[in-house]
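When we follow the UniProt record's numbering, the leftmost residue of the sequence shown carries the number 1, and every step to the right adds one.
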Amino acid sequence: MATFVTHKIMGTALQTTERYTDLQARGVGAFGVICSAHDSKANRTVAIKKIGNPFDGSARVKRTYREVHLMNHLKHDNLISITDIFISPAEDLYLVMECCLTDLHELIQSRSKPLDNKFIQFFTYQLLRGLKFIHSAGVIHRDLKPSNVLIKENCDLKICDFGLAREQDHQMTGYVSTRYYRAPEIMLTWQKYSYAVDIWSTGCILAEMLLGKVLLPGTDNVHHFKLMTEMFGKPPKEFMETVYSDVTMNH
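Structure below.
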């Protein structure tokens, strides 16, 4: 039976097996805490994601299952790989993954000017390559954004966070991807969107790399849609007649 050790990171208790030491905080998300650690068995640095109360409510259970299931089955050079998984005595779930130096959001924010074109081209190529593989498996990521695009020391790119990913044939929900990178069809016809929503998000990420700032910084859904129409023009009337989102139509 594995022996667990408790670590205190950013005010949060993490329980890992003795295999993982030297935990360092890397970030906190809506659904978990992420740390780097030394894997004494493999003698390498890894990332550990704690998902607290993974079985608390059906929505959290579904998100947890999707992330674990897809990370375990989607194997590609441009997707983050999972190396270990365990449940602590406190019944929190821990995912152990390969560790990356930074993410695209941090990289863009750390610079006073946009990235060089050669890096933008290389990152975009890898992002589209990974996305093609995800889509070929019949899966829509649904939450592509710079903070979910990890970068290694050698500039290899890894797509991560599959908690919102869904199979294409499932009925879709509207409030999924982060607003800045959310495709218009998610807000307007949210039951009928497709792989194209990931392509929209990728375009927003590419624009952010080129500009050094967010392309469509909407403060809410209405403002976000207004920015879209100002930049790309209003959708044709026949399209608006197919809109299913009452919230958007009421504005």
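Positions of the beta carbon are idealized from the N, C-alpha and C atoms, including for glycine.
Asked                                                                                                                                                             : Found
I'd like the ranges of any alpha helix (DSSP H) spanning at least 4 consecutive residues and lying wholly in the segment 90–116.                                  : 104–109
Is there contact between the segment 38–48 and the segment 115–135, where contact requires at least three CB pairs shorter than 8 Å?                              : no
Please list the segments of the beta strand (DSSP E) lying wholly inside the segment 8–81, counting only runs of 3 or more residues, in order along the chain.    : 12–17, 20–29, 32–39 and 44–51
Out of L127, T6, D220 and P217, which one is the CA nearest neighbour of H76?                                                                                     : L127
Hey, I151 and C100 are a contact pair by Cβ (cut 8 Å); roughly how many whole angstroms apart?                                                                    : 6 Å
Please name the residue in G138, G11 and P114 whose C-alpha comes closest to that of A196.                                                                        : G138
Measuring CB to CB, does V46 end up less than 7 Å from V96?                                                                                                       : yes
Please name the residue, chosen from Y65, N53 and K113, that lies closest to K213 on a Cα-to-Cα basis.                                                            : K113
With burial defined as no fewer than 16 other Cβ atoms inside 10 Å of the residue's Cβ, what is the status of T16: buried or exposed?                             : buried
Which residues share a DSSP beta bridge with T6?                                                                                                                  : Q15
Note down, one range per segment and in chain order, each beta strand (DSSP E) of at least 3 residues found wholly within the segment 131–156.                    : 149–151
Which partner residues of K158 appear in the DSSP bridge assignment?                                                                                              : L150
My guess is that L79 and I159 are in contact by the Cβ rule of under 8 Å, so how many angstroms apart are they, rounded?                                          : 5 Å
I need the straight-line Cα distance from E153 to K237, nearest angstrom please.                                                                                  : 48 Å
With a CB to CB cut of under 7 Å and the five nearest residues on each side skipped, what residues in its chain are close to S88?                                 : F4, Q15 and Y94
Is the separation between the beta-carbon of L104 and that of V61 shorter than 7 Å?                                                                               : no
Measure the alpha-carbon distance for P54 versus A183 and round it to whole angstroms.                                                                            : 28 Å
Among all the DSSP beta bridges, which residues are the ones paired with F86?                                                                                     : Y94
What is the DSSP secondary structure of L216, counted as helix, strand or coil?                                                                                   : coil
Kindly indicate which three-state DSSP category P235 falls into: helix, strand or coil?                                                                           : coil
Going straight from the alpha carbon of Y193 to that of N221, what length do you get?                                                                             : 17 Å
For T124, I'd like the list of residues in its chain whose CB is within less than 6 Å of its CB, leaving aside the five on either flank, ordered along the chain. : L206
Cutting at 7 Å between CB atoms, please list the residues of its own chain near T64, excluding the five before and the five after it.                             : I51, P54 and L93
Just curious, the alpha helix (DSSP H) that A196 is in, first and last residue?                                                                                   : A196 to L211
Alpha carbons only, please: which of C155, T178 and H141 is nearest the one belonging to D161?                                                                    : H141
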